[in-house]
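The structure appears below as structure tokens.
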Amino acid sequence: MKTFILIAVLMLALLSAVFANDRYTEAMQKSIQAIYQAQTIPDYQTAVNTFERIAAMEKAEWEPVYYASYGYIMMAIREQDKGAKDAYLDQAMKGIARAQVLAPGESEITALEGFAYMIRVSVDPGSRGQQYAPVAMKTLSKAVAMNAENPRALSLLGQMQYGTAEFFGSATTEACATLGKALAKFESFATDNPLAPRWGKAVAESAKAKCR
Amino acid sequence: MKTVFTSALLLVTLITFGQTRITGRVTGVNGEGIPLANVILENTYDGTSADAAGNFQFTTTETGEQQLVVKIIGYREFRRAVTLNGEPLTISVQLAEMINELEAVTISAGAFTASDESRRTVFKALDIATTAGATADIAGALNTLPGTQKVGESGRLFVRGGDDSEARTFIDGMVVLDAYSPSAPNTPSRGRFLPFMFKGTSFSTGGYSAEYGQALSSVLALDSKDQAENTRTDIGILSVGGDVAHTQAWNGGSAAGKLQYTNLRPYVGLISQRIDWKSAPASIEGVAAFRQKVGRDAMVKFYGNMNNADFSLYQPSIDNTGTKYYYRQQNDYRYMNGAYKDILNDQWLVRGGISYTSVQNTLMFDDRHVLEAEKGVHGKAVLEGSLSDKVELKAGAEVIQRNYSWDADSAGYGRNQGFDEVMAAGFAEADVYASNRFVTRAGVRMEYTSLTGQFSADPRISLAYKAGAHGQVSLAYGRFRQTANNQYVRVNPNLDPEKADHYILNYQMMVSNRTLRVETYYKRYTSLVKYVDGDASQLNNAGSGYAKGVELFWRDNKSLRGVDYWVSYSYLDTKRDYLSFPYKAMPSFASKHNVSIVGKYFLQVIKCQLGATYSYTTGRPYDDPNSDVFNGGKTRAYADLSLNLAYLPRPNVIVYFSCTNLTGRNNIFGYEYGTERNADGLYNSRPIRQAAPRFAFIGIFITLSKDKSVNQLPSL
């Protein structure tokens, strides 16, 4: 009996220690699942709120700010009002800047920055295209250079290249090659970070489907 | 076993008692629920999001004194200390709206702002480059906006009954002393600065900020681009010359240089002109720009422009057919502008700069020579920031030092006339937001000029009120002064500055890509330069005048797919008694009704952008010495239909074509009269007309860069 109690106490102690360590991971994993399942702006805002609460506690981690920014970009995409779109993107850019300080050299954050510029262009392509499209292109190329295995960087770059080629009516060969590479990297993507981003495959597939 | 059970039970009880349930509702000041706010128990993992009605609830195991924080975009953060002891808490959270530039009302009276970044602009930077008939000239494009009067033989900006000298140009806050390239008498001149250099254009037709002085009618404030993102080389092959430019970009900075050669000689040889050119205009221009980021938030900009132009022509005499006079102009122009901007922190920024302009004109009328030269230095420093989210402040000081000289080699034309002026000014302005709906801007500008040795203080006040979700009303009053034109000050250096008071009422409505603006104004001129008893060598400040009018602007890029168009209409009633005027009369540059219709269409299939502009202006007064009434004559109406076409065969190649006055209408701008009576006792007249009915231009622009999608479209 004594042994049993001892084991039980020991296990409880161990469990609570693990629980404390993994409280961050667990909270994050739950929220990441929520943000991937989000459909509407309120869904995203709720998920973003959770990430912001975690970010306020875990000031050394880049992932909470990253996902909050991702959420704001998704809200900007769904929002109709141009002014509100820009307000969401401003929030996203603030978070991205903070994440970059926490994890310099992280390709995922740079890819997200490129994504934000892409959406900036989409708010008013006529007058912003000339200014932001090259910036988006440059940022996404940088993300690919930082990690050639990052499928999201490749996919977004491919989408930009596709849009540009389509606008000028030129060949989409290069864009389709990039998208093909992106899809291959989605398959082979491996990381030991349980919180690493995993979004973007479906969009890459539908973008690739336009290539014939 | 019993002990284990007891302790487990105790633990469960403890947990239940250790939990505090917090509920509440997030509302605005009027009690309306604010959805989805983030409710945070600071420095813990606990918290929740409010629901769509603003209600929230969560439980926490934390105990003791804690901070409850509630935040959401657009509102100020809410914070309250709470004591957690297991007792359920209900907290009503009232959030105060944050004044932010996105939602807040803006002062729109008199102002047309063009920017790619700002969301609430009526006019985009790109619009200037793509307006047909403007041939990438800033003034040409702005002349399609309400408040401007088309003066076809000048090409400059004439705003609300003011002449061209009353509209001043500033680059990055620094004054430009001579903003237009020289042109032959009665032919339109072009602005010296190409629109593609600028990321923002703010064109004000009245009631502008206390930051701007020495402008009676209008301020054109151009905001130059930050560092270039790409290294590139641009080549332009034009029907009137060519240019080559190179931009080198590095991390945090860029440098660019451009060399341009323009020669109208082959063109005027090909298309018959009403001007008897001896040597049509030719010019060489060099432009250099440098940008460097300093530290995290500071930026240094330098811009320099050198231009040398030369032309000569014969002007036939009105009185003696067969006699003609020789006229030649050589113009040597230099402009340099250095600007610095540093964001100190979230609230404050400083900016400043120095600009230098040197203009030298060598004129020849027959065998008489005139050498005219002006040099000026402008230095300025401004501090801008916010005291709170409700009060924004701007204050600064500037000095403009100028030297002007005029030297003719024959008597009666002024020998060694000239003057020096030092103008020192200080200004302060505050924007006070009562709410997101109501803003008041109050400012004052103090000036000292060495010409008269006098100090002055001019008030500027504007109000704006957002009446509904999309509409807003704006009111502005201001007093403005400007040193009289060089040609008058050189005759009498003791002249007072000319003055104008502006009163403006504006209504603006913007609903998803449709804009409607209605503006009415009254402008009173005082201290205008006047000839004493009609003698041009005796000048005083006894002149006065007024201008009043109503203007409409409608822009729509939604109703017709792929089509963006705008319509402007200006009604102007103006009279003045100045210079040689015997009494109050409408000046010859003014016209009662001005209409512009501008349309743009991008045809994806053939990769073409098509643009068309139609302008219509009712007749302008002219003085017929054969009549007793001063400025009693009236020209026939002016009309022009212009077209442009940009074709993009490849991402880095653009073929551009434009033509003005497609219908070839014979527009008459006014009449010139002889100086002597003819055999019938009348003065001979001659109409002032366009040099040629149409002006056609074709250019091919090629961009070479690593990034193949970069092209010169924004510079066209």
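These protein sequences, in sequence, are chains R and B.
The first sequence begins at 0 in numbering that gives the first Met the number 0 and counts up one residue at a time.
The second sequence begins at 0 in numbering that gives the first Met the number 0 and counts up one residue at a time.
Where a beta carbon is used, it is the ideal one built from N, C-alpha and C, also for glycine.
On a Cα-Cα basis, can you pick out the residue from the options that is closest to residue i?
i, options, result
"Ser-30 of chain R", "R:Asp-21, R:Gln-44 and R:Thr-49", "R:Thr-49"
"Thr-143 of chain B", "B:Ser-473, B:Glu-671, B:Lys-547 and B:Val-597", "B:Val-597"
"Val-358 of chain B", "B:Ser-567, B:Ser-180, B:Thr-26 and B:Val-604", "B:Ser-180"
"Val-431 of chain B", "B:Gln-608, B:Ala-244, B:Leu-450 and B:Asp-388", "B:Asp-388"
"Glu-105 of chain R", "R:Ala-206, R:Asp-42 and R:Val-143", "R:Val-143"
"Tyr-339 of chain B", "B:Arg-554, B:Leu-94, B:Arg-78 and B:Ser-223", "B:Ser-223"
"Arg-685 of chain B", "B:Thr-47, B:Lys-149, B:Ile-98 and B:Arg-273", "B:Arg-273"
"Tyr-313 of chain B", "B:Ile-699, B:Gln-481 and B:Pro-184", "B:Pro-184"
"Arg-401 of chain B", "B:Gly-533, B:Ala-468, B:Ala-140 and B:Asp-177", "B:Asp-177"
"Arg-79 of chain B", "B:Ser-107, B:Trp-249, B:Thr-702 and B:Leu-94", "B:Leu-94"
"Asn-539 of chain B", "B:Leu-494, B:Arg-167, B:Leu-642 and B:Ala-546", "B:Leu-494"
"Thr-22 of chain B", "B:Ser-91, B:Tyr-74 and B:Gln-259", "B:Ser-91"
"Ser-526 of chain B", "B:Leu-578, B:Gly-477 and B:Tyr-600", "B:Leu-578"
"Phe-169 of chain B", "B:Phe-195, B:Gly-146, B:Gly-154 and B:Ser-201", "B:Ser-201"
"Gly-199 of chain R", "R:Gly-168, R:Leu-178, R:Lys-137 and R:Ala-170", "R:Leu-178"
"Gly-109 of chain B", "B:Ala-584, B:Phe-552, B:Glu-518 and B:Phe-696", "B:Glu-518"
"Leu-462 of chain B", "B:Thr-451, B:Thr-82, B:Lys-606 and B:Asn-435", "B:Asn-435"
"Tyr-334 of chain B", "B:Leu-141, B:Val-349 and B:Tyr-355", "B:Tyr-355"
"Ser-614 of chain B", "B:Ser-567, B:Gly-631 and B:Glu-428", "B:Ser-567"
"Ala-208 of chain R", "R:Leu-111, R:Leu-139 and R:Thr-171", "R:Thr-171"
Taking the beta carbon of residue i as the centre, do at least 16 other beta carbons fall within 10 Å, making it buried, or is it exposed?
i, result
"Glu-25 of chain R", "exposed"
"Ala-91 of chain R", "buried"
"Ile-72 of chain R", "buried"
"Leu-88 of chain R", "buried"
"Asn-593 of chain B", "buried"
"Ile-118 of chain R", "buried"
"Ala-115 of chain R", "buried"
"Lys-498 of chain B", "buried"
"Gln-44 of chain R", "buried"
"Tyr-637 of chain B", "buried"
"Thr-322 of chain B", "exposed"
"Leu-9 of chain B", "For Leu-9 of chain B, the predicted structure reports a pLDDT of 48, less than 50, and the residue's modelled location is therefore unreliable. A value from the coordinates is still provided. It counts as exposed."
"Glu-165 of chain B", "buried"
"Leu-263 of chain B", "buried"
"Asp-345 of chain B", "exposed"
Going by DSSP in three states, residue i sits in which element: helix, strand or coil?
i, result
"Leu-13 of chain B", "Because Leu-13 of chain B carries a pLDDT of 46, less than 50, the predicted location of this residue cannot be relied on, and the following value inherits that uncertainty. In the structure shown, Leu-13 of chain B sits in a helix (DSSP, three-state: H, G or I)."
"Tyr-69 of chain R", "helix"
"Lys-606 of chain B", "coil"
"Asn-484 of chain B", "coil"
"Glu-228 of chain B", "coil"
"Val-150 of chain B", "coil"
"Thr-19 of chain B", "strand"
"Val-286 of chain B", "strand"
"Thr-39 of chain R", "coil"
"Gln-314 of chain B", "strand"
"Ser-208 of chain B", "coil"
"Glu-283 of chain R", "Residue 283 of chain R falls outside the range modelled here, since chain R spans only 0 to 211, and no answer is possible."
Residues bridged to residue i by DSSP?
i, result
"His-501 of chain B", "B:Gly-477 and B:Lys-522"
"Met-173 of chain B", "B:Ile-170"
"Val-81 of chain B", "B:Gln-65"
"Ala-110 of chain B", "B:Ser-203"
"Asn-146 of chain R", "DSSP, once it has assigned bridges, lists no residue as partnering Asn-146 of chain R."
"His-592 of chain B", "B:Tyr-570"
"His-245 of chain B", "B:Thr-232 and B:Gly-256"
"Pro-458 of chain B", "B:Val-443"
"Val-358 of chain B", "B:Tyr-332 and B:Glu-373"
For the beta strand (DSSP E) that contains residue i, what are its first and last residues?
i, result
"Leu-219 of chain B", "217-223"
"Asp-233 of chain B", "231-237"
"Ala-372 of chain B", "367-387"
"Met-335 of chain B", "323-342"
"Arg-264 of chain B", "From DSSP, Arg-264 of chain B is part of no beta strand (DSSP E) but of the alpha helix (DSSP H) over 264-269."
Taking only heavy atoms of the ligand GTP into account, decide whether any of them is closer than 7 Å to the Cβ of residue i.
i, result
"Glu-107 of chain R", "Within the structure as shown, the ligand GTP is missing, as the structure has no ligands at all."
In the DSSP assignment, find the alpha helix (DSSP H) that holds residue i and state where it starts and stops.
i, result
"Asp-85 of chain R", "81-101"
"Ala-203 of chain R", "200-208"
"Glu-112 of chain R", "106-122"
"Leu-578 of chain B", "Premise fails: Leu-578 of chain B is in no alpha helix (DSSP H) and is neither H nor E."
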